[in-house]
Amino acid sequence: MAHYYDAHGRLIALGKELGSGGEGAVFEVGDDPRLAAKIYHRPLDAAKADKLRAMAALASPELTAFASWPLAVLHNGQPNVVSGIVLPRVKDHDEIHKLYSPAQRKFEYPDKDWAFLVHAAMNCAAAFDAIHGQSHVIGDVNQGNVLVSPRGTVFLIDCDSFQVHADGRLFLCDVGVPQYTPPELQGQGFRGLARTVNQDRFGLAVLIFHLLFMGRHPFAGRFAGPGDMPIEQAIAEYRYAFSGDAAALYMAPPPQTLPIDQIAPQVAGLFERAFDRGSEHPDARPTAEEWHNVLSGMLKQLQACQVDRGHKFAAGLTACPWCRLMTDGAPNFFLSVTFRATTPEVLNVTSAIATLWTAIERVPAPRDRALPPAPQAALHIVATPPPPAVESAQSLSTMVRYVALTGLLSMPLMFFVPESGYLSVPIFGVFAVWWLGLFLTSGHRPERNRRRRVLRSRRAQLKQLQLGWHNAASLADTEFKLARKDLATAREQIGHLKGLYETELRRLSRDVAQRQLKAFLQSKFICNYKIDGISAGRQATLASYGIETAYDVEYNRVLSIPGMGPAMTNTLCAWRSQIERQFTLNAAQGIPSAERQALLFQYAQLRQQLEFKLRHGPDRLREIDGRLDQTLAQMSPQIATAHIATAQAFADLAVMGTIKHLDTK
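Position in the sequence shown counted from 1, then plus 131, gives you this note's numbering.
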């Protein structure tokens, strides 16, 4: 190995290689565990060498506490040629996406809950603040150059790509990742472009969003408009999927995602400022210091779930949002926090299940509700008299009718007193014709018919409301029975889980090849590969829909994701096939502990979801009766009003003198 010297000509002894990348390799520095050396594969040009010399001169405890900042430049015997740099050595840190990815976290950080993610986000803001406080810009913000430790400390690497102010010169950052690039820079080339701290703040907000929202990207949502909406385009068009105006942007969050209103309002407000239109203006986005302070305040006030001790959530909420997501079918994102599976005994049916079922059985079915009786007001109705013209005409008509009837009844007298007929027949005939004319023209009949129609209408409305009352009660009873049946099924399923797990374990023992292939595919994360057409933005979209490994890649599952399309789906499936061809069977290997653990996690998660359903079963059943009470409470005054209206129509028709004919209709 060549010899390397610092700017003072001192020999820097290199130890074993720690890692290698496209730009250079990293080595131990002698016996100093605090330092490492990055040796470039090729000599650097003069501009890059000047930048590294300037950065080494600027090294300070404020910077090296959070970043792998160059401490010294190295040469291999030619002092004017920079061959490498000395850096603070990073230990026990890994790329931050292994923390915020649910699939990777359960293996890499199994005991870390949401409070830890908030803590890491706060420290991420502190690291950015340290860089910005020295008037530098990170520029190439991405999940690969931000590392996190099991203690939640954050460290920035690849600092030689930062934009640096030194000695009156501005050394630029010529690279960047689209999904962390702000709208105002989307589609632009980075070479020769001077970045601003405000643009860095966009990338910081994306990283914090990843941490708080289980790896979701803030611009990877469901697009309701025509065509595709890649992340890069969504960013350029300010289509923040969790915005308060998301509907106007034709966007919605992906499924099984923590709602934005389930975090602290101050944090949600910072995201709006970071991502909404107008954030491109100078200093519009929240500073790293603002993020640190607000996240610190939220962290101190987090609540613990009373049902699952692995769940932490923002203060001010009355219910655990992680439990609510599970109710809607989402997995328990923090199952590994409370369940470090070692034996299948966690699947046993316990007395707690019997206690939960007893509580369910004690909830009574919706009780019968008698129809509300007619109110007292319906018994004291005052009839509406006919219009005056109709009433006076009706009185005259009644008098004439009685005269005509009298004449009709006296007609038999003509047989005994023939002389009376000569005068009475014409007179009473005139009265009969007069009455008939009055009856046909007085308006009495139209008014009577109108009132008859009103009565029939009111009776129909009353019957319809009474039928609705009975239907509501019947539907509630049916819903209650179905809910009880669903809960009984959940109880039965819990009893079968251990047997199903043991059956699956035996199947895995028999199916060695498939078992090993599954473990192999689950270890191949998409983000670690360069796949044609699958940009970092597409990777973020796939992760937002739970597709992170080769094992997750299934044709219909990928095709169903907005914007993927047949071409990219085929590309991903071809990549999976290529990965599968790299698999080699180890016939002597038993079930790997990681796979056994994963299987137990799968059944433990199902057990927890079923137990969660039973735990909330009594409330679910009581809600049915409560909703029925609300429905009937709304209908009761309507029925009372209908009773009064019917009684009024009945009385109004009775005053016309024809109620006996209509009473049974």
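Cβ coordinates follow ideal geometry from the N, Cα and C atoms, glycine included. Note that the structure is a prediction, hence the values are computed from the model and not measured.
Item checked: For Ala180, the nearest candidate out of Asn580, Gln209, Val337, Asp260 (CA to CA) -> As a first step, residue 180 must be located in the sequence shown, where it is residue number 49. Per the Cα distances, Gln209.
Next item on the list: Report the rounded CA-to-CA distance for Cys255 versus Ala379, giving the unit in angstroms.
Entry: The sequence position of residue 255 within the sequence shown is 124, counting from 1. The sequence position of residue 379 within the sequence shown is 248, counting from 1. Near 32 Å, if we compare the C-alpha coordinates of Ala379 and Cys255.
Next item on the list: Look at the Cβ atom of Gln310, then the Cβ atom of Ile391, and state whether they are nearer than 7 Å.
Entry: Along the sequence shown, one-based indexing puts residue 310 at 179. Along the sequence shown, one-based indexing puts residue 391 at 260. No, the pair does not count as a contact, with Cβ atoms beyond the cut-off.
Margin query: Could you compute how far the alpha carbon of Asp176 sits from the alpha carbon of Asn701?
Written below: Here residue 176 corresponds to residue number 45 of the sequence shown, with the count starting at 1. Here residue 701 corresponds to residue number 570 of the sequence shown, with the count starting at 1. For Asp176 and Asn701, the distance between alpha carbons rounds to 42 Å.
Margin query: I'd like the span of the alpha helix (DSSP H) that includes Tyr240, first residue to last.
Written below: Numbered from its first residue, the sequence shown carries residue 240 at position 109. Unbroken run through Tyr240: none, as it is neither H nor E.
Note to self: I'd like to check one pair, His423 with Val328: are the Cβ atoms closer than 7 Å?
What the structure shows: As a first step, residue 328 is located in the sequence shown; it is residue number 197 there, counting from the start. As a first step, residue 423 is located in the sequence shown; it is residue number 292 there, counting from the start. Cβ distance not < 7 Å, so Val328 and His423 don't count as in contact.
Next item on the list: Go through its chain and collect everything with a Cβ distance to Gly346's Cβ below 6 Å, but skip five positions before and after it.
Entry: Position 215 of the sequence shown, counting from 1, holds the residue named residue 346. So the list reads Tyr231, Ser232, Ala674, once near-sequence residues are dropped.
Next item on the list: Please name the residue, chosen from Thr777, Asp663, Trp245, that lies closest to Pro452 on a Cα-to-Cα basis.
Entry: Residue mapping note: residue 452 aligns to position 321 of the sequence shown, counting from 1. Of the candidates Thr777, Asp663, Trp245, the one whose C-alpha sits nearest the C-alpha of Pro452 is Trp245.
Next item on the list: Report, in whole angstroms, the separation of the C-beta atoms of Tyr833 and Asp407, which I expect to be a contact under 8 Å.
Entry: The structure shown does not extend to residue 833, since the chain is modelled only from 132 through 796, so no value can be given for it.
Notebook entry, point to check: Per DSSP, Met635 is paired with what?
Noted result: Position 504 of the sequence shown, counted from the start, is the residue given in the question as residue 635. A quick correction: the sequence has Glu, not Met, at residue 635. In DSSP, Glu635 forms no bridge with anything.
Checklist line | Presumed contact (8 Å Cβ cut-off) between Leu149 and Ala167, rounded CB distance | finding: For the purposes of this step, residue 149 is taken as residue 18 along the sequence shown, with counting starting at 1. For the purposes of this step, residue 167 is taken as residue 36 along the sequence shown, with counting starting at 1. Between Ala167 and Leu149 the Cβ distance is about 6 Å, and since that is below 8 Å, they are a contact.
Checklist line | For Ala437, three-class secondary structure by DSSP | finding: Locating residue 437 in the sequence shown gives position 306, counting from the first residue. Just to set this straight, residue 437 is Gln in the shown sequence, not Ala. Gln437 falls in the coil class under three-state DSSP.
Check: What is the DSSP secondary structure of Gly155, reduced to helix, strand or coil?
Finding: For the purposes of this step, residue 155 is identified with residue 24 of the sequence shown, where counting begins at 1. Gly155: strand per DSSP, three-state reduction.
Margin query: Using only the alpha-carbon positions, how far apart do Gln437 and Gln647 sit?
Written below: Stepping through the sequence shown from its first residue, residue 437 is reached at position 306. Stepping through the sequence shown from its first residue, residue 647 is reached at position 516. Their backbone Cα atoms lie some 39 Å apart in a straight line.
Next item on the list: Please state whether DSSP places Arg589 in a helix, a strand or coil.
Entry: One-based indexing of the sequence shown puts residue 589 at position 458. Note: Arg589 maps to helix in three-state DSSP.
Note to self: Quick check on Leu466: does DSSP put it in helix, strand or coil?
What the structure shows: Here residue 466 refers to the residue found at position 335 when the sequence shown is read from its first residue. Note: Leu466 maps to helix in three-state DSSP.
Item checked: Boundaries of the beta strand (DSSP E) in which Lys222 is found, first to last residue -> Mapped onto the sequence shown, residue 222 falls at position 91. Note, Lys222: premise wrong, no beta strand (DSSP E); not H, not E.
Item checked: Terminal residues of the alpha helix (DSSP H) in which Val279 lies -> The residue labelled residue 279 in the question sits at position 148 within the sequence shown. Val279 -> not in any alpha helix (DSSP H); beta strand (DSSP E) instead, spanning 277-279.
Item checked: Beta-bridge pairing of Gln294 - partner residues as DSSP gives them -> Within the sequence shown, the letter at position 163 stands for residue 294. According to DSSP, Gln294 bridges with Val268.
Margin query: Please state the DSSP three-state secondary structure of Phe350.
Written below: To locate residue 350, count along the sequence shown from 1; it is residue 219. Note: Phe350 maps to coil in three-state DSSP.
Notebook entry, point to check: Is the CB-CB distance between Ala782 and Ala614 below 7 Å?
Noted result: Taking the sequence shown and counting its residues from 1, one reaches residue 782 at position 651. Taking the sequence shown and counting its residues from 1, one reaches residue 614 at position 483. It is not a contact, given that the beta carbons lie outside the stated cut-off.
Check: Alpha carbon to alpha carbon, how far is Cys704 from Ala681?
Finding: Residue 704 sits at position 573 when you count from the first residue of the sequence shown. Residue 681 sits at position 550 when you count from the first residue of the sequence shown. Using only the alpha carbons, I get a separation of about 9 Å.
Margin query: Can you tell me whether Val513 is helix, strand or coil according to DSSP?
Written below: Numbered from its first residue, the sequence shown carries residue 513 at position 382. Here Val513 sits in coil by DSSP.
Item checked: Pair within 7 Å by beta-carbon distance, Gln597 and Leu510 -> Within the sequence shown, the letter at position 466 stands for residue 597. Within the sequence shown, the letter at position 379 stands for residue 510. Contact: no.
Note to self: Count Cβ pairs between the stretch 622-632 and the stretch 652-667 that sit closer than 8 Å; are there 3 or more?
What the structure shows: no
Next item on the list: Just the C-alpha distance for Gly552 and Arg579, rounded to the nearest angstrom, thanks.
Entry: For this step, residue 552 is matched to residue 421 along the sequence shown. For this step, residue 579 is matched to residue 448 along the sequence shown. The predicted model places Gly552 with a pLDDT of 49, which falls under 50 and marks its position as unreliable, so this point remains unresolved.
Notebook entry, point to check: Based on Cα-Cα distance, which residue from Ala325, Gln624, Thr284 lies nearest to Leu115?
Noted result: Nothing can be reported for residue 115, as the shown portion of the chain is limited to 132 through 796.
Notebook entry, point to check: Considering only C-alpha positions, which residue in the set Glu679, Arg300, Arg416, Arg587 is nearest to Gln779?
Noted result: Stepping through the sequence shown from its first residue, residue 779 is reached at position 648. Here the closest residue by C-alpha is Arg587.
Check: When DSSP labels each residue in this structure, what does Glu679 get in the three-state scheme?
Finding: Indexing the sequence shown from 1 puts residue 679 at position 548. Three-state result, Glu679: coil.
Note to self: On the CB-based measure, 16 or more other CB atoms within 10 Å of its CB, does Ser151 come out buried or exposed?
What the structure shows: Residue mapping note: residue 151 aligns to position 20 of the sequence shown, counting from 1. With fewer than 16 Cβ atoms within 10 Å of its Cβ, Ser151 is classed as exposed.
Notebook entry, point to check: Going by C-alpha distance, which of Pro386, Ala355, Gly626, Leu652 is nearest Phe344?
Noted result: The residue you call residue 344 lines up with position 213 of the sequence shown. Measuring from the Cα of Phe344, the nearest candidate turns out to be Pro386.
Check: Less than 7 Å separating the beta-carbons of Tyr204 and Phe286?
Finding: As a first step, residue 204 must be located in the sequence shown, where it is residue number 73. As a first step, residue 286 must be located in the sequence shown, where it is residue number 155. Checking the sequence shown, residue 204 turns out to be Val, not Tyr. Cβ distance not < 7 Å, so Val204 and Phe286 don't count as in contact.
Checklist line | Spatial distance of Asp459 from Ala251 (CA atoms) | finding: Looking up residue 459 in the sequence shown gives position 328. Looking up residue 251 in the sequence shown gives position 120. For Asp459 and Ala251, the distance between alpha carbons rounds to 28 Å.
Checklist line | Secondary structure of His627, DSSP reduced to three states | finding: To locate residue 627, count along the sequence shown from 1; it is residue 496. His627: helix per DSSP, three-state reduction.
Checklist line | N-terminal and C-terminal residue of the alpha helix (DSSP H) that Phe340 is part of | finding: For the purposes of this step, residue 340 is taken as residue 209 along the sequence shown, with counting starting at 1. Its alpha helix (DSSP H) spans residues 328-343.
Next item on the list: Decide if the stretch 288-303 is in contact with the stretch 351-365; the criterion is three or more beta carbon pairs, one per stretch, under 8 Å apart.
Entry: no
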